[in-house]
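Residue numbers (my numbering), protein chains in the order written: chain A, 94 to 208; chain B, 7 to 119.
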């Protein structure tokens, strides 16, 4: 089982719709969760971080975390063509499990927002 | 916000030569920097953790003698790919954190011919 799993997509949504991106993780004691956006040929750019159960909203983005079910999601409202990119989920391994203070990334979900 | 600068953005080298990639934290001091590698359509894989003033910590399967890391100051870490081969062609990305979360450099596209 991969440590961080994402559906590779592509996920296609029409402009103006809500895009829902999901991520599951295997390490139950993970503490910090991040969503990065990566355009083709570019390095990742931080979109959202979330540390506690529930929802966190920032503009058109909402991150949702459910530690009991070990999943974290990202909702993008009013999707725009410029949102078309690969979205990477990243989990900070807990030092107690020997993972150290490093990020483990999923393979990313490709999002396409169509006109 | 925190800025991490990486140089060069891309490099083409011949097989057997060495290539040095620089990673700088521009507006904060970074005692720790991270080097990632990303092959096409794959995720970022941590190669090593660079520690200022001490040896880098390499991930399992990463050859420390091939990927030399030097973190001589609080704002600069370098990755040298020695005796590069075509299979080393990849996107190399450094990152640092003034606090949580991680900020990435712009990456270096390495092509070994």
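We treat Cβ as the ideally placed atom computed from N, Cα and C, and that holds for glycine.
Run through chain B and tell me which residues come within less than 8 angstroms of residue i, C-beta to C-beta.
i                      : result
residue 117 of chain A : The premise fails here: residue 117 of chain A is roughly 14 angstroms from chain B at the closest Cβ pair, so nothing lies under 8 angstroms.
Please compile the residues from chain A whose C-beta is within a distance smaller than 7 angstroms of the C-beta of residue i.
i                     : result
residue 48 of chain B : 200
residue 52 of chain B : 195
At a CB-CB cut-off below 8 angstroms, which residues of chain A make contact with residue i?
i                     : result
residue 99 of chain B : 136, 137
residue 57 of chain B : In chain order: nothing, as chain A lies at least about 12 angstroms away.
In terms of DSSP beta bridges, what is residue i paired with?
i                      : result
residue 169 of chain A : A:112, A:154
residue 148 of chain A : A:157
residue 63 of chain B  : B:55
residue 140 of chain A : Beta-bridge pairing links residue 140 of chain A to no other residue.
residue 26 of chain B  : B:86
residue 102 of chain B : B:39, B:109
Rounded to whole angstroms, how far is the Cβ of residue i from the Cβ of residue j, which I believe are closer than 8 angstroms?
i                      : j                      : result
residue 112 of chain B : residue 15 of chain B  : 6 angstroms
residue 17 of chain B  : residue 33 of chain B  : Contact flag wrong, Cβ pair sits at about 25 angstroms.
residue 112 of chain A : residue 176 of chain A : 7 angstroms
residue 196 of chain A : residue 185 of chain A : 6 angstroms
residue 26 of chain B  : residue 84 of chain B  : 6 angstroms
residue 110 of chain A : residue 128 of chain A : Not a contact, Cβ separation roughly 18 angstroms.
residue 69 of chain B  : residue 54 of chain B  : Rounded, the Cβ-Cβ distance is 10 angstroms, inconsistent with contact.
residue 62 of chain B  : residue 75 of chain B  : 4 angstroms
residue 121 of chain A : residue 180 of chain A : Actually they are not in contact, since the Cβ atoms of residue 121 of chain A and residue 180 of chain A sit about 23 angstroms apart, beyond 8 angstroms.
Which chain B residues are close to residue i, counting only those with a beta carbon under 7 angstroms from its beta carbon?
i                      : result
residue 196 of chain A : 108
Residues of chain A with a CB under 9 angstroms from the CB of residue i: which are they?
i                      : result
residue 40 of chain B  : 195, 196
residue 112 of chain B : 135, 136
Name the chain B residues that come within less than 9 angstroms of residue i, Cβ to Cβ?
i                      : result
residue 181 of chain A : 49, 50
Is there contact between the stretch 94-114 of chain A and the stretch 134-141 of chain A, where contact requires at least three CB pairs shorter than 8 angstroms? The stretch 94-114 of chain A vs the stretch 134-141 of chain A: no contact.
On the three-pair Cβ rule with 8 angstroms, is the stretch 40-54 of chain B touching the stretch 87-106 of chain B? Between the stretch 40-54 of chain B and the stretch 87-106 of chain B there are three or more inter-stretch CB-CB distances shorter than 8 angstroms, so the stretches are counted as touching.
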